[in-house]
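Protein chains in written order, with numbering that gives the first Met the number 0: chain A, 0 to 255; chain B, 0 to 204; chain C, 0 to 411. Where is the CB? At the ideal position from N, CA and C, for every residue including glycine. Model, not experiment: these values are computed from the prediction.
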Amino acid sequence: MLKKRIIGVVTVKAGWAVQSFGYYSYLPLGKPEILVENLDRWNADEILIQVIDRSENHLGPDFQLIERLGKLGLETPLIYSGGIRSEEDGVRLIQLGADRVVVDALLFDNINKVRDLSEHIGAQAVIASLPLSWKGDELKYLNYRSRESVSISDRVIELIKSRCISEVLISDWEHEGMPNGFEIKLIEKFPLKDTPLIAFGGISNPSQMRALLDLNDISAVAIGNFLNYHEHAIQKYKEALIDLPLRFTSYESIFN
Amino acid sequence: MNSYSIGIVDYGLGNHASVIHSLKDIGVKALSTDKISDLNAVDILMLPGVGAFPPAMNSLHNRGLVDYIREQANLKRPIIGICLGMQLLAESSFEHKHTTGLGLIPGSIQAFSNLGNHIGWNTLKFLNMESTYSNSKNNDEAFYFNHSFFYQGPSEYQVATTQHSIVFPSIIKNGNVVGLQFHPEKSQLAGKIFLKNLITDMMNA
Amino acid sequence: MIKFCKRCLYSNTHPLGLTFDHEGICSGCRIHEEKDKLDWAERWEKLKAIIKPYRNKDGKNYDCIVPVTGGQDSYYIVYLAKVLLGLNPLLVTYNKYFNTPLGINNLANLKIRFNCDLLYQNVNPLSVKKITRTTLRKLGSIYWPILAGHTVFPVQTAVRFKIPLIIWGAHQGIEQVGMFSHLHEVEMTRRYRKDHDLMGYEADDLLSVFDTLKEEDIWQYRYPMDCELNSLGVRGIYLSNFVRWDPKKQHEEMIADFGYRTAKFERTFDTYDYVDCFNYMDLHDQLKLYKHGFSKVTDHATREIRHQRLSREKGLNLVKKYEQKNLKYSKLFMKWLGVNERSLQFILDQHRNPKFWTQTEFGQWKFNGWSAQNNFSNINSSQHSCITFEVNDKLESNKDVNYITIGKGWSY
Numbered sequence: 000m001l002k003k004r005i006i007g008v009v010t011v012k013a014g015w016a017v018q019s020f021g022y023y024s025y026l027p028l029g030k031p032e033i034l035v036e037n038l039d040r041w042n043a044d045e046i047l048i049q050v051i052d053r054s055e056n057h058l059g060p061d062f063q064l065i066e067r068l069g070k071l072g073l074e075t076p077l078i079y080s081g082g083i084r085s086e087e088d089g090v091r092l093i094q095l096g097a098d099r100v101v102v103d104a105l106l107f108d109n110i111n112k113v114r115d116l117s118e119h120i121g122a123q124a125v126i127a128s129l130p131l132s133w134k135g136d137e138l139k140y141l142n143y144r145s146r147e148s149v150s151i152s153d154r155v156i157e158l159i160k161s162r163c164i165s166e167v168l169i170s171d172w173e174h175e176g177m178p179n180g181f182e183i184k185l186i187e188k189f190p191l192k193d194t195p196l197i198a199f200g201g202i203s204n205p206s207q208m209r210a211l212l213d214l215n216d217i218s219a220v221a222i223g224n225f226l227n228y229h230e231h232a233i234q235k236y237k238e239a240l241i242d243l244p245l246r247f248t249s250y251e252s253i254f255n
Numbered sequence: 000m001n002s003y004s005i006g007i008v009d010y011g012l013g014n015h016a017s018v019i020h021s022l023k024d025i026g027v028k029a030l031s032t033d034k035i036s037d038l039n040a041v042d043i044l045m046l047p048g049v050g051a052f053p054p055a056m057n058s059l060h061n062r063g064l065v066d067y068i069r070e071q072a073n074l075k076r077p078i079i080g081i082c083l084g085m086q087l088l089a090e091s092s093f094e095h096k097h098t099t100g101l102g103l104i105p106g107s108i109q110a111f112s113n114l115g116n117h118i119g120w121n122t123l124k125f126l127n128m129e130s131t132y133s134n135s136k137n138n139d140e141a142f143y144f145n146h147s148f149f150y151q152g153p154s155e156y157q158v159a160t161t162q163h164s165i166v167f168p169s170i171i172k173n174g175n176v177v178g179l180q181f182h183p184e185k186s187q188l189a190g191k192i193f194l195k196n197l198i199t200d201m202m203n204a
Numbered sequence: 000m001i002k003f004c005k006r007c008l009y010s011n012t013h014p015l016g017l018t019f020d021h022e023g024i025c026s027g028c029r030i031h032e033e034k035d036k037l038d039w040a041e042r043w044e045k046l047k048a049i050i051k052p053y054r055n056k057d058g059k060n061y062d063c064i065v066p067v068t069g070g071q072d073s074y075y076i077v078y079l080a081k082v083l084l085g086l087n088p089l090l091v092t093y094n095k096y097f098n099t100p101l102g103i104n105n106l107a108n109l110k111i112r113f114n115c116d117l118l119y120q121n122v123n124p125l126s127v128k129k130i131t132r133t134t135l136r137k138l139g140s141i142y143w144p145i146l147a148g149h150t151v152f153p154v155q156t157a158v159r160f161k162i163p164l165i166i167w168g169a170h171q172g173i174e175q176v177g178m179f180s181h182l183h184e185v186e187m188t189r190r191y192r193k194d195h196d197l198m199g200y201e202a203d204d205l206l207s208v209f210d211t212l213k214e215e216d217i218w219q220y221r222y223p224m225d226c227e228l229n230s231l232g233v234r235g236i237y238l239s240n241f242v243r244w245d246p247k248k249q250h251e252e253m254i255a256d257f258g259y260r261t262a263k264f265e266r267t268f269d270t271y272d273y274v275d276c277f278n279y280m281d282l283h284d285q286l287k288l289y290k291h292g293f294s295k296v297t298d299h300a301t302r303e304i305r306h307q308r309l310s311r312e313k314g315l316n317l318v319k320k321y322e323q324k325n326l327k328y329s330k331l332f333m334k335w336l337g338v339n340e341r342s343l344q345f346i347l348d349q350h351r352n353p354k355f356w357t358q359t360e361f362g363q364w365k366f367n368g369w370s371a372q373n374n375f376s377n378i379n380s381s382q383h384s385c386i387t388f389e390v391n392d393k394l395e396s397n398k399d400v401n402y403i404t405i406g407k408g409w410s411y
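What follows is the structure in structure tokens.
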């Protein structure tokens, strides 16, 4: 039976891995490669590296970073996010070592290119990122560059329905970094059913994870900041959720 | 583990650092190459693959590797196909358009219904419990899958199945040619143990 | 592009990383503000609750491990752990080789005044020198074995002696660059050690990247396996998340109450930290200036600016006064490592960061580091009175200037 996943997230800004709070403030953590390698050792189900200052600076993806990560010989699937402008960008990222990629700005800039990308690398390798918030009874979709929240457009809905993207990453951007902050209505009120969703942003404790992983449409939860405070953070979450359909915990040992 | 060697067929798709790293960890020498002379010198051929079926077959044709791989299969060389690499072993695929594959294992590649995808960690069910690489009979080990198409074919070529929206074959075999729908190189410890058992089994066959 | 904090003296090129908020104040300064906002009485209660389950009920084992040296915050940490929290700690210390007589005195005094058991690790000098030669050449660091030993020996001891709780003092990432909020209650991780203590190189990385070293040289610095840490529940906590950390004030208490001894340095105004080492404030400090464009005196000044005991202007003046002072103990190091002055200077020059150093002619370098580039205007510089640090001894104490090896009774 297909397991649900806990995805470890590394957020990168100005080349540094950072903690990110509410898409607004940041605290430095260290070198992205070392954080990624640490999540690999902790056996995260997938690792998401999100580079948050590429599109807004009109830079493409950080190919040098993914190349360095590709050379690490990770044993965990790697997802790349940040700055993808075209099919060529996505293909090159896969060549350099990403297993899957995330598009965000591209959904605003040129949604047709997402279809081209999906045809080339396969829908399973493409994830759409939707930073959402719940405001006055309505689901709002953030354009993080203009800082404007709008309704989810029909074009985006059609794209998701067409299945050319495999999963939707829903980020509760306002509550990012806030313990127990994730707004579950973002999932409950999502307009499409039967679309695999990944919840992210302000997910810090096992009972939140349990409530989310129990939802049919949730295929994974992603955790960023909160993985940096303790040793074996991923394993500890899994131990607290041992009754859920997650892959069981393991620890690096001499038998590896 | 005797010092076996694996030649990873490089046909321009994807990154091989992870599989080389996993193989190195289990004591197997691995190199990534498209040179026939190098591929002739190794014990086992490995066909990796990410992306879509038609461009992958194109890439193989462009490098003159289609005939080479078919020849090697006829010569009973051990061959392992991973993910898209496994799908290429089949006769044909319906991904985008009908495309002919390597034809080393009878069967074809179909889409999951409702254009579904199979992404994440899932378990294997071995159809024959005596299979030496069924991981000490532990059916609870999960491996990483990431695909939207699956193999359909005669049951005699199916070694293990996996449950998604339907039950589909996750390990297929025809003589010395083995296909794995999952990514052992991205399946951490379980993947490495599996590869070690598989390689030992293939080399002692 | 280099950018400076509007409040302290740090820049965005800090090796631990530094972020700025929308007002131009750095993450280090912002997190420091928590020191005056948090309810420290409440946090102390939280600390007591965290350590409660680790108190040994039958008196047959230690309650915790406390890593110590003859300098830094060791006295205060042991004071908190033993005297205030009433724990029964096992002190552990790693021999750094560059030991000053003063540091040895402080360490001896520490275990006597606080009545503690102490475990001592010494890695053989051949291995240490081999590693030091490699890391000096390739990474511009003479401190890798010390940082590696100091951070791993307590963890190995925890596993070997089955004492799961390790108590550290300050979290350097928090204190310097605000890497975490005190409220995150961050604990010791292997990731932080590799990233920031070991410059990205664990013991096995030194082995695989540099062909000068063998397994027998580095195995002592290896982190225990995850399964070992997990089965015992090894955990390292930082007292600075629960106590309002102020090194100057804390040291002065320890000088008055427990006989901690201090010394003057050439390259900084602080006389409390690092008195146990001949090289930390000497050759190691110069390497920091070469590689990063700033040195320890900038860390000290920034710390005192944030504690509002120094104005930014006075801080920068102190930095400029101290940071280019000549080395005093490099001959000792050269004799220890077996390298001559020209070879050493050659290696050192290779590690000068071109962002901060340009060679004007052979053997002459122009400095364009943080203190040179930091042009702030003094509009709001308040006048703080001069800052003073107590001095009651010297690094060499009443002995010769020579590295001391504990247990030998005489220096070599």
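Residue i versus residue j - alpha carbon distance
| i | j | result |
| --- | --- | --- |
| residue 121/A | residue 146/B | 8 Å |
| residue 115/C | residue 234/C | 21 Å |
| residue 6/A | residue 401/C | 53 Å |
| residue 188/C | residue 236/A | 16 Å |
| residue 13/C | residue 319/C | 18 Å |
| residue 378/C | residue 94/C | Low local confidence applies: a pLDDT of 46 at residue 378/C is under 50, so the model's placement there is unreliable, with the coordinate-based value given in what follows. Their backbone Cα atoms lie some 48 Å apart in a straight line. |
| residue 78/A | residue 394/C | 53 Å |
| residue 108/A | residue 196/A | 22 Å |
| residue 136/B | residue 141/C | With a pLDDT of only 49 at residue 136/B, under 50, the local geometry of the prediction cannot be trusted, and the value read off the model is given with reservation. The alpha-carbon atoms of residue 136/B and residue 141/C are separated by roughly 52 Å. |
| residue 129/C | residue 80/C | 36 Å |
| residue 56/A | residue 246/A | 38 Å |
| residue 202/A | residue 132/A | 15 Å |
| residue 3/C | residue 375/C | 9 Å |
Short Cβ contact (9 Å threshold) for residue i with residue j
| i | j | result |
| --- | --- | --- |
| residue 82/A | residue 58/A | yes |
| residue 19/A | residue 176/A | yes |
| residue 61/C | residue 88/C | yes |
| residue 469/C | residue 340/C | Residue 469/C lies beyond the range of chain C shown here (0 to 411); nothing can be said about it. |
| residue 173/A | residue 200/A | yes |
| residue 241/C | residue 46/C | yes |
| residue 30/C | residue 167/C | no |
| residue 204/C | residue 40/A | no |
| residue 261/C | residue 67/C | no |
| residue 93/B | residue 148/B | yes |
| residue 76/A | residue 143/B | yes |
| residue 150/B | residue 89/B | yes |
| residue 180/B | residue 45/B | no |
| residue 101/B | residue 69/B | yes |
| residue 166/A | residue 127/A | yes |
| residue 66/B | residue 5/B | no |
| residue 27/A | residue 310/C | no |
| residue 165/C | residue 64/C | yes |
Residue i - partner residues in DSSP beta bridges
| i | result |
| --- | --- |
| residue 171/A | 131/A |
Quiz item: Three or more beta-carbon pairs under 8 Å between the region 147-154 of chain C and the region 216-223 of chain C, yes or no?
Solution: yes
Practice problem: Decide yes or no for the touch test of the region 294-301 of chain C against the region 6-21 of chain C: beta carbon pairs closer than 8 Å, at least 3 of them. | Solution: yes
Quiz item: Counting pairs of beta carbons, one from the region 47-66 of chain B and one from the region 2-14 of chain B, are three or more of them closer than 8 Å?
Solution: yes
Quiz item: Is the region 273-293 of chain C close to the region 349-366 of chain C, with three or more CB pairs under 8 Å?
Solution: yes
Quiz item: Could you give the uninterrupted runs of the alpha helix (DSSP H) lying entirely in the region 63-115 of chain B, keeping only those of 4 residues or more?
Solution: 64-73, 83-87
Quiz prompt | Residue ranges of each alpha helix (DSSP H) within the region 60-87 of chain C, 4 or longer | solution = 73-77
Quiz item: Residue ranges of each alpha helix (DSSP H) run of no fewer than 4 residues wholly in the region 205-244 of chain C, ordered along the chain?
Solution: 214-217, 225-231
Quiz item: Is the region 34-43 of chain C touching the region 334-352 of chain C in the sense that three or more CB pairs, one from each, lie closer than 8 Å?
Solution: no
Exercise. Entirely within the region 175-216 of chain A and at least 4 residues each: give me those alpha helix (DSSP H) ranges in chain order.
Key: 184-187, 205-212
Practice problem: Check whether the region 131-138 of chain C touches the region 100-110 of chain C, taking contact to mean three or more Cβ pairs, one atom from each stretch, closer than 8 Å. | Solution: no
Practice problem: Enumerate, from N- to C-terminal direction, the unbroken beta strand (DSSP E) stretches of 3 or more residues contained entirely within the region 63-107 of chain A. | Solution: 77-80, 99-102
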